[in-house]
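If you use this note's numbering, the first sequence corresponds to residues 1196 to 1472, in order.
Heads up, the beta-carbon is just placed ideally off N, CA and C, and yes, glycines get one too.
In this text, all values refer to a predicted model and were calculated from it rather than measured experimentally.
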Amino acid sequence: MPELPEVETIARGLAPGLVGRIVADARFLCTTVLADCPCGDTFRTAIHGRPIRNVRRRAKLLIIELSPAPGRTDPASLAVHLKMTGRLWIAGAAEEPPRHTRFQLFLDDGQALFFQDQRRFGNCRLLSDLDSWPFYASLGPEPLETDAKSLADRLGKKTARIKALLLDQTVVAGVGNIYADESLFLAGIRPDTRACDLSPARRRKLFAALQQVLTRAIAAGGSTIRDYRTPEGLEGGFQNDFAVYGRGGEPCPACGTALSVTRVAGRTSTFCPRCQG
DNA sequence: CATGCGTCCTGCTTGC
DNA sequence: TGCAAGCAGGACGCAT
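See the structure below:
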């Protein structure tokens, strides 16, 4: 389930093979992968001949920035959301696409970007202006490019559970279930605490914890629960450092108390009933 | 407006 | 052993 650290790892891994290349064509092996249309053939015409200018991450999105094709002046961006089971890698264009491959982006060097997604939740879209996409425009700040106090101030007087707000992409961008649970543990906060019940100091502590967890996870190449792989096909390493995620019933790494499992914001949430008050 | 919950999708896991 | 129900979860639509 690629969240911020996983998508960051993917962006860094893909950039050397994509930046400077020219898009030759695309092939869709699934009709639903292309969100909000334009339809497949329109998409193919719209990307043909475009040099790839940059590859970066925003929230959980992989953004491939495209320059105009020769003789044109219209830049564009390809935004890919991997959702839960999406994978991206570069391989020879002639390679047989494995099962669940949803689309291929063919490059001018005989290589292709492959997008595979077992569960079909993922999608990509071609946008002339990213900010014209309401979801993109509504994204909150990047947690690693914003100070913890500013992030804490964004909680305002909200009464929602703190975990729901961590997962809310308009509050802070890129956090999913794994890093929400890990951050809450590190900050000693129960996931079902209402944001308005947290002191300013505890809010700051939470976002400082989030920054620490995300930084460590990026350094480890992300977390592999089941499906996530780096573009090189490698598993991440941060799953070995989980304190609570996926460890319900196991002893708390800090105090030994059995970790509790509950549902907050519709998501499974694991926490230590003793350390997280 | 703010909050919360059901839905999508498919393969693996759990339980009878 | 076999089969079905349950589960995973990001974003979104809709209800309250």
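Residue range of the alpha helix (DSSP H) that includes Glu-1370: As a first step, residue 1370 is located in the first sequence; it is residue number 175 there, counting from the start. Sequence inspection shows Val at residue 1370; the Glu mentioned does not correspond to that position. If you look at Val-1370, you'll find it isn't in any alpha helix (DSSP H); DSSP assigns it neither H nor E.
Strand pairing of Asp-1220, partner residues [DSSP]: For this step, residue 1220 is matched to residue 25 along the first sequence. Its beta-bridge partners are Phe-1301.
Rounded straight-line distance, which links the Cα of Cys-1467 to that of Pro-1338: Reading the first sequence from its first residue, position 143 is the one you call residue 1338. Reading the first sequence from its first residue, position 272 is the one you call residue 1467. Each residue's alpha carbon lies about 24 angstroms from the other.
Touching by the beta-carbon criterion (3+ pairs, under 8 angstroms), the segment 1416-1433 and the segment 1199-1217: The segment 1416-1433 and the segment 1199-1217 touch, with no fewer than 3 CB-CB distances between them shorter than 8 angstroms.
Ranges of the alpha helix (DSSP H) found wholly within the segment 1348-1433, counting only runs of at least 4: Segments of the alpha helix (DSSP H) lying fully in the segment 1348-1433: 1357-1362, 1372-1382, 1395-1414.
Endpoints, alpha helix (DSSP H) assigned at Phe-1310: The count along the first sequence starts at 1 and reaches residue 1310 at position 115. Element bounds for Phe-1310: not the alpha helix (DSSP H) but the beta strand (DSSP E), 1306-1312.
Environment of Asn-1435 [buried if 16+ CB atoms lie within 10 Å]: Along the first sequence, one-based indexing puts residue 1435 at 240. Its Cβ having fewer than 16 others within 10 Å, Asn-1435 is exposed.
Alpha carbon of Asp-1348 to alpha carbon of Asp-1303, nearest angstrom: For the purposes of this step, residue 1348 is taken as the residue at position 153 of the first sequence. For the purposes of this step, residue 1303 is taken as the residue at position 108 of the first sequence. As the crow flies, the alpha-carbon of Asp-1348 is around 47 angstroms from that of Asp-1303.
Bridge partners - Ala-1271, DSSP secondary structure assignment: In the first sequence, the residue the question calls residue 1271 occupies position 76. Beta-bridge partners assigned by DSSP to Ala-1271: Leu-1261.
Proximity to Ala-1343 [Cα-Cα], best of Phe-1380, Arg-1315, Ala-1403, Gly-1287: For the purposes of this step, residue 1343 is taken as residue 148 along the first sequence, with counting starting at 1. The option with the nearest alpha carbon to Ala-1343 is Ala-1403.
Nearest-angstrom Cβ-Cβ length linking Val-1370 and Leu-1379, presumed shorter than 8 angstroms: Position 175 of the first sequence, counting from 1, holds the residue named residue 1370. Position 184 of the first sequence, counting from 1, holds the residue named residue 1379. Not really, about 11 angstroms apart at Cβ, beyond 8 angstroms.
Contact the segment 1291-1299 vs the segment 1256-1268: 3+ CB pairs below 8 angstroms: With a cut-off of 8 angstroms, the segment 1256-1268 and the segment 1291-1299 do not count as touching, because too few Cβ pairs lie within range.
Where Ser-1455 falls: helix, strand or coil (DSSP): Within the first sequence, the letter at position 260 stands for residue 1455. For Ser-1455, the three-state secondary structure derived from DSSP is strand.
Cutoff 8 angstroms; reference Tyr-1476; Cβ partners in own chain excluding five residues on either side: There is no way to answer for residue 1476, as the model of the chain reaches only from 1196 to 1472.
Sufficient close CB pairs (3 or more, under 8 angstroms) joining the segment 1274-1288 to the segment 1392-1410: With a cut-off of 8 angstroms, the segment 1392-1410 and the segment 1274-1288 do not count as touching, because too few Cβ pairs lie within range.
Among Asp-1326, Arg-1315, Arg-1314, nearest to Arg-1253 - alpha-carbon criterion: What you label residue 1253 is simply residue 58 of the first sequence in a count that begins at 1. Cα-wise, what sits closest to Arg-1253 is Asp-1326.
Three or more C-beta pairs below 8 angstroms linking the segment 1209-1224 and the segment 1243-1253: Yes, the segment 1209-1224 is in contact with the segment 1243-1253.
In DSSP terms, what Ile-1285 is bridged to: Here residue 1285 refers to the residue found at position 90 of the first sequence. The partner list for Ile-1285 (beta bridge, DSSP) reads Leu-1308.
Beta-carbon proximity of Leu-1334 to Gln-1364, cut-off 8 angstroms: Residue 1334 sits at position 139 when you count from the first residue of the first sequence. Residue 1364 sits at position 169 when you count from the first residue of the first sequence. At the C-beta level, Leu-1334 and Gln-1364 come within 8 angstroms of one another.
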